[in-house]
Amino acid sequence: MEQRVIDELGLLAKALRIEQKEDFELHKAWLEKSNIQERKKNGVTWFPLRITETGYGLGAYPFMVVERNITDHQFHHKFQSASPINLFSAAPGNEQSTINGIIGYVDGQRMKITFYVDELPDWVDDGKLGVNLMFDTKTYDEMFKALNYLINIEKGRTKELRDIILGAQEAKYITPKTQASSPKLNESQNAALRTIIAAQDIAAVHGPPGTGKTTTLVETISELLKEEKQIMVCAPSNAATDHLARSLKDKGLRVVRIGNLAKVEQDNSELTVDALLNRERDFKQIRELKKRASELRKMGGKYKRSFGREEAEQRKLIMQEAKNLNKEARELENYLVEKVLDNAQVIACTLIGSTSNYLEGRKFSTVVIDEAGQGIEPAVWVAILKAEKVVLAGDPFQLPPTVKSRDAEKMGLTVTLLEKVIKRHARIDLLRTQYRMNEQIMAFSNKKFYDNKLEAAASVKDWFLEGSPQIVEFIDTAGCGFEEKPGESNESLCNSGEIEIIQKHLESLPAGSYSIGIISPYRAQVELMTEEFVTNKKRSIDNELELHSEKKKDNITVNTVDSFQGQERDVIYISLVRSNETGEIGFLKDYRRMNVAMTRARKKLIIIGDSATLGNDRFYSELLEYAESIGSYKTAWEFLY
């Protein structure tokens, strides 16, 4: 059995290597097959740049804030916080000069970059600067490191956890002296709480949409902390991590959020190490040390250009003193960081964020991994290496991890550890009561994904949009000539006809205050819909009908299915886009994505699609049959004339 586990992890490492190669090649193509102007349009280069601020940040490392030309704001970009960049110069004589950095924050026009050097090179002052987005190897490095460790480990608690989680050994449970429960939880949620407390190795919570998974985790973590000093909570994304951290903070627990400050939601900024350090009395001393070091650097800068031996020696002494002050600042900073972390009840970070230097050498009695169905298995193992006991929570029937290589996908890289645990372990707790949506919205997903085990809470099962009692609508565009087309970049698809149907349907909704979400799996369609329903919502209003429509548009959110996971709206429109003569539906075949889209709606769900294209697929054929069975099938012709 142990060899089977090692072989399984070895195959996983091979799949990950294939994925890394594909990821790298895609990025390499962005940089090598285009000039600066093309790279700017492709979103991987900013040039030219204007430096608006420089200074020294956490760790006394230099940073700069740069701004691109206002005329370049038309170009979408792929830069993200924490991504590695390469700062380059196009100034005469400096064409080969580059330095690597990490993005602290980025928006449409500005970027803060931190450089992990003592000081910036002289050529930075010569202008004509640009930045290229670099391939980020850190995430892959950490995943390979974790897999290598797991494959080669011969003894210890991590080896035991490895074998138990992958089904080579039985998981152990104890019988607590008292049966814990929370009045804030329902029966199935309390059952999950008790299983987690009883588990000695691994516990899994299967939380379908709207079933209160976060509430269950918060109450359970609070209960665990009655016996445990500190717990680490993780999620694959910053958004999911922030959501859980915020909920734990609201519970009254002491939470520290580890991660890039720019990626942490504003509501959680007070939980970051940076913010907590600023509250420490001794942090003022760190600022003074950094200030003195900065002043010395400026003094040393006087000798940068033409100077003799005496000036060179003087500059050397000044810069050495600046380094000594920085070292003293870092040592004091490290002491205060440890103090902040030791005082926390909960450490919150992303899966890869668990490798932060702040957490080096720390182990946790329990590691809770939320949204475990969205993280690829190697990333989940990265966090598990710090655990004595693991709790996985999520839903394998919602969005899977993003994998770019088809070969890696075929080798199983999209199969999550949560899925494996659910299949291989008997004690899995399904949260059964959902509090989000009318039962008609829930019904199709309940049958297809959850074996009809879910029930709608009494508070939501019959609710509907006042003035629009039909809960689910499928609007069929077959025969309307609304064929799919490539988007502007030819990397996605769009369907303007479906946007026209949404516009007409919006006008038919009753007046009132309610939220609306418009979703599509295709990025090009989202861009067109954003232009129609968000960007243009402030256009002049000529008549009463438009006024009525514009009022509702103020509550509209448009985005991809992936970006909508974890969100909900009173009314949801889903534009499926695909309409062609061959019946090709592409990644609409990932039915989990459709499950996410449909279960975002609380009171009303409208799906727009072409039955002639979709009907050959069994899943969508059954969806059409469901719509017909509840009298919710409509034809697009009803909205065109």
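Numbering follows this note's numbering, in which position 505 of the sequence shown is assigned residue number 704; successive positions increment by one, without gaps.
The C-beta atom is built at its ideal place from N, Cα and C for all residues, glycine as well.
Note that the coordinates shown come from a computational prediction; the quantities given were computed from them, not determined experimentally.
Buried versus exposed call for residue i [16 or more other C-beta atoms within 10 Å across all chains shown]
{"i": "Met200", "result": "exposed"}
{"i": "Gln295", "result": "exposed"}
{"i": "Asp306", "result": "exposed"}
{"i": "Trp245", "result": "buried"}
{"i": "Pro435", "result": "buried"}
{"i": "Ala835", "result": "buried"}
{"i": "Lys371", "result": "exposed"}
{"i": "Asp809", "result": "buried"}
{"i": "Ile269", "result": "exposed"}
{"i": "Ser616", "result": "According to the sequence provided, residue 616 is Leu. The question's Ser does not apply to it. Counting Cβ neighbours within 10 Å, Leu616 comes out buried, since at least 16 surround it."}
{"i": "Val725", "result": "buried"}
{"i": "Arg456", "result": "buried"}
{"i": "Ala228", "result": "exposed"}
{"i": "Val545", "result": "buried"}
{"i": "His275", "result": "exposed"}
{"i": "Asp441", "result": "buried"}
Span of the alpha helix (DSSP H) around residue i
{"i": "Val472", "result": "Val472 to Arg478"}
{"i": "Val264", "result": "Counting along the chain, Val264 falls outside any alpha helix (DSSP H), though it belongs to the beta strand (DSSP E) covering Pro261 to Arg267."}
{"i": "Phe343", "result": "Lys337 to Asn351"}
{"i": "Thr270", "result": "It is not in any alpha helix (DSSP H) - Thr270 carries neither H nor E in the DSSP assignment."}
{"i": "Met200", "result": "First-last for Met200: undefined, no H or E at that position."}
{"i": "Gly696", "result": "Ser695 to Ser707"}
{"i": "Val725", "result": "Arg722 to Thr729"}
{"i": "Asp816", "result": "Element bounds for Asp816: n/a, residue is neither H nor E."}
{"i": "Asp449", "result": "Asn437 to Asp449"}
{"i": "Phe732", "result": "Unbroken run through Phe732: none, as it is neither H nor E."}
{"i": "Glu241", "result": "At residue 241 the sequence reads Asn, which differs from the Glu that was named. It spans Ile235 to Asn241 - the alpha helix (DSSP H) in which Asn241 sits, taken as one unbroken run."}
{"i": "Ala379", "result": "Ala379 -> no alpha helix (DSSP H), and no H or E assigned at all."}
Unbroken beta strand (DSSP E) run spanning residue i, endpoints
{"i": "Asn285", "result": "Pro283 to Ser288"}
{"i": "Met431", "result": "Ile430 to Ala434"}
{"i": "Trp580", "result": "Counting along the chain, Trp580 falls outside any beta strand (DSSP E), though it belongs to the alpha helix (DSSP H) covering Glu576 to Ile583."}
{"i": "Phe246", "result": "Thr244 to Tyr255"}
{"i": "Ala592", "result": "Val589 to Gly593"}
Where residue i sits in the DSSP three-state scheme
{"i": "Asn556", "result": "helix"}
{"i": "Ile829", "result": "coil"}
{"i": "Leu211", "result": "helix"}
{"i": "Thr613", "result": "coil"}
{"i": "Val566", "result": "strand"}
{"i": "Ser667", "result": "strand"}
{"i": "Ile627", "result": "strand"}
{"i": "Ala586", "result": "strand"}
{"i": "Ala710", "result": "coil"}
{"i": "Asn794", "result": "helix"}
{"i": "Lys752", "result": "The predicted position of Lys752 is uncertain, since its pLDDT is 47 and thus under 50; a value taken from the coordinates is nonetheless stated next. Helix."}
{"i": "Thr357", "result": "helix"}
Residue i to residue j span [Cα, whole Å]
{"i": "Ile715", "j": "His405", "result": "28 Å"}
{"i": "Ser446", "j": "Thr414", "result": "8 Å"}
{"i": "Trp662", "j": "Leu804", "result": "13 Å"}
{"i": "Lys879", "j": "Ala723", "result": "The requested residue 879 is not part of the displayed model; the chain covers only 200 to 840."}
{"i": "Gln273", "j": "Gln465", "result": "26 Å"}
{"i": "Lys703", "j": "Val204", "result": "56 Å"}
{"i": "Leu822", "j": "Asp569", "result": "30 Å"}
{"i": "Ala444", "j": "Arg635", "result": "22 Å"}
{"i": "Thr781", "j": "Thr812", "result": "7 Å"}
{"i": "Asp340", "j": "Arg817", "result": "41 Å"}
{"i": "Leu591", "j": "Thr410", "result": "16 Å"}
{"i": "Ser658", "j": "Val265", "result": "51 Å"}
{"i": "Ile806", "j": "Ala543", "result": "46 Å"}
{"i": "Tyr819", "j": "Tyr713", "result": "29 Å"}
{"i": "Tyr260", "j": "Ile401", "result": "41 Å"}
{"i": "Lys578", "j": "Ile674", "result": "The displayed chain sequence assigns Ala, not Lys, to residue 578. Ala578 and Ile674: Cα-Cα distance of roughly 40 Å."}
{"i": "Leu365", "j": "Asn556", "result": "28 Å"}
{"i": "Ala492", "j": "Leu524", "result": "6 Å"}
Cutoff 8 Å: residue i Cβ touching any chain B Cβ
{"i": "Ser828", "result": "No chain B appears in the structure shown, which is made up of a single protein chain."}
Bridge-paired residues (DSSP) for residue i
{"i": "Gln633", "result": "Ala655"}
{"i": "Ala800", "result": "Arg768"}
{"i": "Arg456", "result": "Thr471 and Ala547"}
{"i": "Phe673", "result": "Ile806 and Tyr832"}
{"i": "Lys311", "result": "Val264 and Tyr304"}
{"i": "Ile717", "result": "Val757 and Tyr772"}
{"i": "Tyr372", "result": "Ala398"}
{"i": "Cys679", "result": "Cys679 is not bridged to any residue."}
{"i": "Leu332", "result": "Ile284"}
{"i": "Pro408", "result": "Its beta-bridge partners do not exist; DSSP assigns none."}
{"i": "Leu531", "result": "DSSP output for Leu531 lists no bridge partner at all."}
{"i": "Pro685", "result": "Leu692"}
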